[in-house]
Amino acid sequence: MNYSEKYGNSIDEAVALALMDLKVSKDDVNVTVLEEPSKGFLGLGSKLAKVRVEIKPEILEETKNKEEKKEAQEVKPAVVHGQEDRSVQTGAAEESGESEKPRENRSRKRKGRKPRNAQPKRDYDTASARPADLQPVDEHEAIDFLKDTTEKMGLHLSFKAEMNDENIYIDISGKDTGTIIGKRGQTLDAIQYLTSLVINKNRDSYMRVVLDAENYRHKRKKTLENLADRLAGKVARTGKRVRLEPMNPYERMIIHAKLQNDERVITRSEGEEPYRRVIIELK
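According to our numbering, the residues represented by the sequence shown are 332 to 614, in order.
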């Protein structure tokens, strides 16, 4: 999606909602105000602001080039049991596009490399154990951004943060946590990405941002693992493959990893982002 049209109580609020929808920063878009907000008279005849937010052509081209380069690097021919293009038998390594051995080589190459400007990225691996050296912080630009954004959305939330030199974890609580989580965590992921863009904009080294609300990340991981077990049993009983709903790379990895050692089934992914999904089928 290259553009988004949103309503809001103010132009800034409508723009923020559109940026969340597009998952980009304000520097990457052109904003057109379609309707100015109006308070009306004594509350009557009030109008919301409406904006059209379009991703800049140069950003679209840059993203396209990066994706093409990434796809070219990840394409690897493979044959499993005489079938073409079944690149991942268990699926656990597929989502990173590399096997465990190349990952070790990649780590060695990084040693001694000079740090570049921080590059914003999506952190899907949000359910892993937190680092032991995190320290509580009361003030941080990430907290300021979240408070400002959620207040403009009309949400009532509080934030508790812990951080070290490379990570900041922010726990969200309040009566509107359901809204901030969104359908299957999509809103939470979007706001997490926007927060990452904001705090890494002028940094030389990348800081990882992880948002959670009411322990949603851990609960979602357990839900997916239980789902994987249940569907694997169904495939084993019926002999028919199962196609799961589209998921982000980390959630697909949870399914793949859970069934990696299952003797009855194999898993693989198919489709294009953001509609890529896991397939579970008999070995």
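Think of the CB as a built atom: it goes at the ideal place given N, C-alpha and C, for glycine as much as any other residue.
{"query": "Candidates K483, K514, L486 and H471: closest to M494 by CA position", "result": "H471"}
{"query": "Cα-Cα separation between K589 and I522, rounded to whole angstroms", "result": "28 Å"}
{"query": "Best match in L519, L525, I386 and V364 for proximity to R548 [C-alpha to C-alpha]", "result": "L519"}
{"query": "CB of V360 within 7 Å of CB of V382, strictly", "result": "no"}
{"query": "Outcome for D358 when other beta-carbon atoms lying within 10 angstroms are tallied against a minimum of 16", "result": "exposed"}
{"query": "Terminal residues of the beta strand (DSSP E) in which R608 lies", "result": "R608 to L613"}
{"query": "Expected contact under 8 Å - CB spacing of Y500 and L555 to nearest Å", "result": "Contact flag wrong, Cβ pair sits at about 21 Å."}
{"query": "Those runs of the alpha helix (DSSP H) which lie wholly inside the region 341-388 and span at least 4 residues", "result": "342-353"}
{"query": "Cβ separation of S341 and A380, assumed to be a contact under 8 Å, to the nearest whole Å", "result": "6 Å"}
{"query": "Closest Cα partner of V541 within the set D352, N533, K532 and L525", "result": "L525"}
{"query": "Top-ranked residue by Cα proximity to D352, from I503, K478, G513 and G509", "result": "G513"}
{"query": "Proximal residues to A563 (C-beta, below 8 Å), its chain only, five neighbours per side dropped", "result": "L590, D593, R595, V596 and I611"}
{"query": "Closest residue to T598 among A559, N546 and Y334 (Cα-Cα distance)", "result": "A559"}
{"query": "Buried versus exposed call for L528 [16 or more other C-beta atoms within 10 Å across all chains shown]", "result": "buried"}
{"query": "D543 - containing beta strand (DSSP E), residue span", "result": "R539 to A544"}
{"query": "Residue range of the unbroken beta strand (DSSP E) whose run includes S337", "result": "Here the sequence assigns Lys to residue 337, which means Ser is not the residue at that position. Run containing K337: Y334 to G339, per the beta strand (DSSP E) assignment."}
{"query": "Cα-Cα separation, K616 to M578", "result": "Residue numbering for the chain in the displayed model covers 332 to 614; residue 616 lies beyond these limits and cannot be assessed."}
{"query": "Beta bridge counterpart(s) of P467 as assigned by DSSP", "result": "E493"}
{"query": "Cβ-heavy atom distance, Q591 to the ligand PLP, below 6 Å", "result": "Only the bare structure without any ligand can be found here, which leaves the ligand PLP out of the picture."}
{"query": "Spatially closest choice to A473 from N531, L486 and Q517, by CA coordinates", "result": "N531"}
{"query": "The beta strand (DSSP E) enclosing N498, as first and last residue numbers", "result": "N498 to S504"}
{"query": "Under the three-state DSSP convention, the category E576 falls into", "result": "coil"}
{"query": "Presumed contact (8 Å Cβ cut-off) between H487 and D507, rounded CB distance", "result": "5 Å"}
{"query": "Start-to-end residues for the alpha helix (DSSP H) that takes in E472", "result": "E472 to K483"}
{"query": "Proximity of K553 and E344 at Cβ, strictly below 7 Å", "result": "no"}
{"query": "R583 - DSSP class collapsed to helix/strand/coil", "result": "helix"}
{"query": "Cutoff 7 Å; reference K445; Cβ partners in own chain excluding five residues on either side", "result": "Note that K445 scores 40 on pLDDT, short of 50, meaning its location in the model is unreliable and no value can be drawn from it."}
{"query": "K337 and L350 closer than 7 Å at C-beta", "result": "no"}
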